[in-house]
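Participant: The working numbering puts the first residue of the sequence shown at 1128, with every later residue one more than the last.
For every residue, glycine included, the Cβ atom is placed at its ideal position computed from N, Cα and C.
Nothing here was measured: the structure is a model prediction, and the numbers come from that model.
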Amino acid sequence: MRLVTTVLAAAMLTAAMPLSATVAETSERGFVTQDQADVAASPLDTWLALIRPAAWWNDAHTWSADAANMTLTPQAGGCFCERVPGEDREDGFSLDGSVQHMTVIQAYPLRNLRMRGGLGPLQGEPATGVLTITLEEIAGGTRIRWEYAVGGSMRYEVASISQAVDGVMSQQLHGLRDYLGALEGAGGEADDPADGEATIEAQIDALQDTE
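1) Counting only the same chain and skipping the five closest in sequence on each side, list residues whose C-beta sits under 6 Å from that of GLU1264.
2) Taking the beta carbon of GLU1209 as the centre, do at least 16 other beta carbons fall within 10 Å, making it buried, or is it exposed?
3) Ignore the nearest five residues each way along the sequence and tell me which others in LEU1310's own chain have a CB closer than 7 Å to its CB.
4) From the DSSP output, in three-state form, read off ALA1234 for me.
5) Of all the beta strand (DSSP E) runs that stay within the bounds of the region 1246-1277, which reach a length of 3 or more residues?
6) In chain order, what residues of the same chain lie with their CB nearer than 6 Å to the CB of GLY1205, ignoring the 5 residues before and after it?
7) Measure the C-alpha to C-alpha separation of GLY1247 and HIS1188 and round it to an integer number of angstroms.
8) Of all the options ALA1203, PHE1207, GLN1202, which has the alpha carbon lying nearest to the alpha carbon of ALA1194?
9) Assign SER1289 to one of three DSSP states: helix, strand, or coil.
10) Rounded to whole angstroms, how far is the Cβ of GLY1224 from the Cβ of VAL1211, which I believe are closer than 8 Å?
11) Between which two residues does the alpha helix (DSSP H) containing LEU1342 stretch?
12) Look at THR1261 and ARG1238 and say whether their C-beta atoms are less than 9 Å apart.
This is how it looks when you write it as structure tokens:
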């Protein structure tokens, strides 16, 4: 429960940031978030970084609190997974856990990566999502388009959870952008997250009341 609460708190904190992302569509069935970033790297370098989430995924949005435990196999049926190290015991015996965040359903190197799964608090819901990441070569680098389409039954108000997920998705994209280096003049920097902290606790309570 503490881990789920932590994930929700981190999600809502990110959602309070006025990032450049957009909740492009909402309905009773789900929502779609979209964002993009221009990086000063070739499509090849961008792809190689994309499939190594341990290098840029945010630690706050992992179950182990360490993105170094995350791996991604970029082929159909491949796993976007995380190892959760077991706690040390006095007898020296421990068992590692694991998490499947998403499953790869389409991989075109240098062009497109598509995965299916419910991220963060959505993992505990019947709803699922499809994350489509598209790479486009542009002058001086690569444009990364990032879309997460979520649909199905969930115990959250769509208006609230869509904003939270939107913020989390942008945070991961911006982590990848910062790892590769933003293309000069592309913009897209996030504002100070402290501006929205006052409302975080109330937003989390509202989401948890729907469980």
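Facilitator: For this structure:
1) Excluding sequence neighbours, GLU1264 sits near PRO1170.
2) Classification of GLU1209: buried, given that the 10 Å Cβ count is 16 or more.
3) So the list reads ASP1165, VAL1166, ALA1167, GLY1267, GLY1268, once near-sequence residues are dropped.
4) Strand, per DSSP.
5) Correct list: 1255-1265.
6) The beta carbon of GLY1205 sits closer than 6 Å to those of VAL1231, all from its chain and outside the five residues before and after it, given in chain order.
7) Answer to the nearest angstrom: the Cα atoms are 7 Å apart.
8) Of the candidates ALA1203, PHE1207, GLN1202, the one whose C-alpha sits nearest the C-alpha of ALA1194 is PHE1207.
9) In this structure, SER1289 counts as helix in the three-state DSSP scheme.
10) Right, their Cβ atoms sit about 4 Å apart.
11) Since the first residue of the chain shown is 1128 and the last is 1338, residue 1342 is not available in this structure.
12) Yes, the Cβ-Cβ distance between THR1261 and ARG1238 is below 9 Å.
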